[in-house]
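As C-alpha cells, the structure follows; a few thoughts come after it.
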Amino acid sequence: MRSIAIFLSTVLICILNLCAAQAQEIAYRYAVDLTRAKNDQLEITLKAPPVKQRTITFFMPKIIPGTYAVSDYGMFVSALKAFDKKGKQLPVQQTSVNSWQISKADKLVSLTYTVDDITDTGLDNNVFMMAASNIEEGKNFVIQPSAFFGYFEGMKQLPFEVSITKPQSFYGSTGLSPLSTSADKDVYRTKNYDLLIDAPFMYNVPDTTFVKVGNTDVLISVYAPGKKVTSAYLAKQFEKMLQAQKRYLGNTLPVNKYAFILYFADPKQANPRQGALEHNQSSFYYFSEAPQEILAPHLIDIAAHEFFHIITPLTIHSKEIADFNFNEPVLSQHLWLYEGVTEYASDHVQVRSNLNSADEFLAKLAEKIKISQGKYNDTLPFTTLSKESAGKWAAEYQNVYEKGALIAAMLDIRLIELSEGALDLQDLMLTLSNTYGMDRPFEDDQLFTQIEALTYPEIGDFFRKHVAGNQPIPYQEYFDKVGIVLKKEPNRKAATLGNIGLIFNQEKLLLEVNNTDKLNEFGKEMGYRKGDLLVSLQGNQLLPNTLNEQLSEYNKNTKEGSTVAVKVLRKSHSGDYQEVVLTAPALLIDVHGPTSLTINPDATAQQRKYRAVWLEQNPVLISPDDVKSAEAVVKTLYEVISGPAGPRDWDRFNGLFKPDALMAAMVPLQDGKLAFKAFKPNEYKEMNGPYFSNNGFFEEEIGREIKYFGEMAHVWSAYHFKPAPDANPEQRGINSIQLVYDQGRWWISNILWNAERKDNPIPETLISTKKPDTMP
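Taking this note's numbering, the leading residue of the sequence shown gets 84, the next gets one more, and so forth.
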C-alpha cells in the first residue's frame, strides 16, 4: 500500500506541476528595465500567451476610460518585432496607428518594441498629460500602461504580469500591491487588460507618505524636481477631506489601498494639457510645480473628486465600462453617474463635513448653473452627450462636471422630498453598490428603469425628461423644496479682454496667453501673441492675490471706446523677454449676469427640515422657533439643560450648535488655581448626562447683555443654578455665548463660562440689565 501511495503522490505532484506550468503560460508576461533607458525611450519585452490562429492583431489603445478622447498611443511605439521559439522573426505589418498584424502567429513566443516618452515628445498629439508617459533617465519614470503595454485581439481577458527592473534607490508608486518586490525589481499581476490599464506607476527616489483612512492605506506620492511640494505637506492637507469622505461613504471603503500619484513638472517645460485622471485604486496628477501653499486648495477639490471614483465606476458601472473597447469604443450613456455624481459628491462631502460653509457650497452650484447654461447646450440630452462625448459632442464634454453635478444635486433633493427625508442620493448609491459591484455590471439601457424600481415613479420621470430627454432642469422648482432662492441677474455689457485663452505661468507668476484661436475684434486689434505674459492692465500690476478683483473691475467699469493698455512680456528671437504695451479702443460685449443661490430666511419648517437633511451629515431637526433669533437660542439652551432628574433632549441641545462649536469653562484645580478646559457639545453630554439623570438641575438666566455686528452676536448671560425650582441658588456665574446667523437661522458657535467668586463678582449692571421676568 505504501508503494502505491508513493506512486500516486508522485503522479499527483507531476500533474500539479504541469498544471501550474500551463497556468503560467496562459498569461501575458511583460518586462521593462528602467535602468536601460536611453534617449527618452525604453524597450518593452513581452513573453506572449499561446496564440492558436495563424494571423493575429496586436493593439495599443486608441482611447482609454476617463479621458474619452482619441489618444492614439500606438504613435509612440516603434520597432515592433515578433519572434518564434528559435528567435526567428515573424512577419509583422502595421495596419493602423494602433495595430500590427502578425503572421504565423501560432508560432509566436515573444514581442519586443520601443516606447517613447510622451510628456516632451516632438510628435503632434492629443494625449492629456495625466495620461502620458514620462521617461527621464535616472530621475523619474511615469508608466502609463496604455502607453507601454498592448494586447492581442480577442485576448485581453487573460491575466497580465508586469516585471519592472528599477534603480535600487527608486520606489514604485501605484494603487496595485506587488506580487513580489526586491531592491531592484517589482512584479505586478492583474487578472485582465482593463485592470492593468487602470493602474499607473511612477518610479523615482521616493517622496511618499501613507495615511490610514478607515480600512484603506492611502499613499500620497510626489515627484517635484524643484522641491516646492512634498508628500508630507499634501498628506496633511488631504487628510481632513479623506476622513470626511470615509464618513460620507458610511465609514467603510471598497479598497484596501489607494494611491494619489502627483507629478509636478518644471514650469519652464510644462505641457498646458494638465489635470488629473481617476482610476479605480489610484489617481494620477500632472501640474506645473509651484509653491505647495498655492497648489494645495486647488488639489484638495480635485483629489476629492478623483477619490470618489472608488464608488463609480469602480463598483457601479455598465458593461461598456467593465469590458472597455480600447480601439473601437462603445461609450456608456451614463456620464451623469460616473462624472456628475462624483463631482457633486466631492463638493457635497465638504459642506456636510463642515469643511466648506453652506454659502460656499451653494456658490459652487450657482457657478455650475451659470456655466452650463451659458457655455453649453442645455437642451442636448445628457445620454446623447455621453454616448458621443469622444465624437460629435466632444466640445460639450466638460459639461459633465457642470450640468452632470447639477443633475446629481437635483436628484438628491428630489429623493429627500419624496421620501420625506428618509432617503437621499447617498442611500441610492449604496443600494446600487450592493445590487451591482465590480464584477456585476449593469445593462446600460436598463439603469434608469432599475433606479425607478428602487425609488419612485417621479424619479423615472426626472430621468426621462431631464437626462434622457431635452427638457432643461427647472432649477428654482427643485431648490424651493429645500428653501433655497435662485436669482439670475439680467445679461449686461462688460469690457472684453479679447477672448484670449489664459493659463497661470507658475515660473513667472503671471497670466500667460496660451490660445489665440478665437480672438474677437478687440483681441485682434490688441495684437496678442501666444506666450505673452500679462504684467499690467490699465497701469495696474496684475497680482495673483487680487487678480479676480482687478479683472472684475475692468469688466464692469471700462467705458466703450476708451483706450485699453495691457503691458506684456514677450519673448524675442533670442529668448529674452521684452516689455510691450498693447493698446486698442475698449469693446463692450454681452455677458451673462451673475447667478446666485441663497438660503431663504422665511423658509417653512418642511423646507428647513429637507435642507438640514441635504446639507448636514447628522441633521438635527430643531424647531424654527428655537433658532429664529439669538434670544430664542439662549432661551432654548437654558430650557434644554434644566429640569428634574431624568434624561435631557440632547437632539434639541445639539441642534443649537454649529458642527465645530466648542464649549469651555474655567475649572478649579486641586491647588485652587483655575484652568481653561474646552470640549465639544457631545462631550458635555457625556460628562453631565449621568448627573442630570439622577439629579435635578435648574439653570436660570438672571441678566443679559447682547451686542450685534451683522451676522454675529455676543451674549453676556448671567445665571444661577439650583437643584429644584424652589431651592436656593447654589452657584452663580456668567455664560459668554457667541452666535452666528447662517443658513437662515442662528447658531451657537462657542460658549465659555466662569463661576462667580468673592474676588470676581457678577457686575450689578449686568444683573439689572434684564430681570428674569422679562427674559424671552
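Glycine is no exception: its CB is placed at the ideal position from the N, C-alpha and C atoms.
- Item | Cβ neighbour criterion (16 or more within 10 Å) applied to G738 | buried
- Query: Ends of the beta strand (DSSP E) at E769?
  - Reply: E769 -> not in any beta strand (DSSP E); alpha helix (DSSP H) instead, spanning P764 to N777.
- Sort out for me which residues DSSP pairs A165 with in a bridge. L173 and L194
- Query: Which runs of the beta strand (DSSP E), 3 residues or longer, sit entirely within the stretch 631 to 665?
  - Reply: 646 to 654
- Message: From the DSSP secondary-structure annotation, give me the bridge partner or partners of S304.
- Response: T291 and I344
- Message: Could you pull the DSSP bridge partners for I556 from this structure?
- Response: I556 is not bridged to any residue.
- Query: Which two residues bound the contiguous beta strand (DSSP E) that contains V750?
  - Reply: F740 to P751
- Query: Alpha carbon to alpha carbon, what distance is there between L241 and V192?
  - Reply: 16 Å
- Cβ shell of I690 (< 8 Å), same chain only, five flanking positions each side left out: Reading the sequence as shown, one finds Gln at residue 690 and not Ile. Only D563, K564, V565, G566 and N683 meet the Cβ criterion.
- Task: May I ask which residues mark the beginning and end of the beta strand (DSSP E) holding Y721?
- Result: No beta strand (DSSP E) contains Y721, which is instead part of the alpha helix (DSSP H) from A713 to I724.
- Query: Count the other CB atoms within 10 Å of the CB of Y484; is the residue buried (16 or more) or exposed (fewer)?
  - Reply: buried
- Item | Opposing strand residues paired with E783 [DSSP bridges] | H803
- Item | Residues near Y824 by beta carbon distance below 7 Å, same chain, minus five either side | E794
- Task: Taking only the alpha-carbon atoms, compute the straight-line gap between Y791 and A686 and give it to the nearest angstrom.
- Result: 23 Å
- Query: When the Cα atoms are used, what is the spatial distance from I98 to T264?
  - Reply: Note on I98: pLDDT 43, under 50, position unreliable in the model; no value is reported.
- Message: Could you tell me the alpha carbon to alpha carbon distance between P859 and P707, rounded to whole angstroms?
- Response: Residue placement at P859 is poorly supported in this model, since its pLDDT is 41, which falls under 50; the coordinates still yield a value, given next. Cα to Cα, P859 sits roughly 15 Å from P707.
- Flag this pair as yes or no: are the beta carbons of V716 and L630 separated by less than 8 Å? no
- Message: Quick check: G358 and F211, are their CB atoms within less than 8 Å of each other?
- Response: yes
- Message: With DSSP as the reference, identify every bridge partner of G543, one or two as the case may be.
- Response: Paired residue(s): none; G543 is not in a bridge.
- Given a threshold of 16 other Cβ atoms within 10 Å of its Cβ, counted over all protein chains shown, does Q172 qualify as buried or as exposed? exposed
- Give the straight-line distance between the Cα atoms of Q227 and L617, rounded to the nearest whole angstrom. 35 Å
- Beta-bridge pairing of M158 - partner residues as DSSP gives them: M158 pairs with nothing; no bridge assigned.
- Classify I724 as buried or exposed, calling it buried when 16 or more other Cβ atoms lie within 10 Å of its own Cβ. buried
- Taking the alpha helix (DSSP H) that F321 falls in, what are its first and last residues? S314 to Y331
- By Cβ distance, which residues of its chain are closer than 6 Å to K168, with the 5 residues on each side in sequence left out? V192
- Message: Helix, strand or coil for V183? Go by DSSP, reduced to three states.
- Response: Just to set this straight, residue 183 is Trp in the shown sequence, not Val. Strand at W183.
- CB A807 to CB G772, shorter than 8 Å? no
- Where V710 falls: helix, strand or coil (DSSP): helix
- How many angstroms separate the CA atom of I147 from the CA atom of A505? 38 Å
- Item | Option nearest D495 by Cα separation, candidates K458, T313 and A428 | A428
- Message: Give me, in chain order, the residues of the same chain whose beta-carbon lies closer than 7 Å to that of D267; leave out the 5 immediate sequence neighbours on both sides.
- Response: T248, K249 and Q251
- Query: When the distance is taken between beta carbons, is R653 closer than 8 Å to D615?
  - Reply: yes
- Enclosing alpha helix (DSSP H) for A446 [first to last residue]: A441 to K458
- Task: Round the Cβ separation of G584 and N598 to the nearest angstrom and send it over; I've been treating them as touching at under 8 Å.
- Result: 3 Å
- Message: Measuring only the C-alpha atoms, how far is G333 from I556?
- Response: 30 Å
- Query: What do you get for Q433, buried or exposed, if any count of 16 or more other CB atoms within 10 angstroms of its CB means buried?
  - Reply: buried
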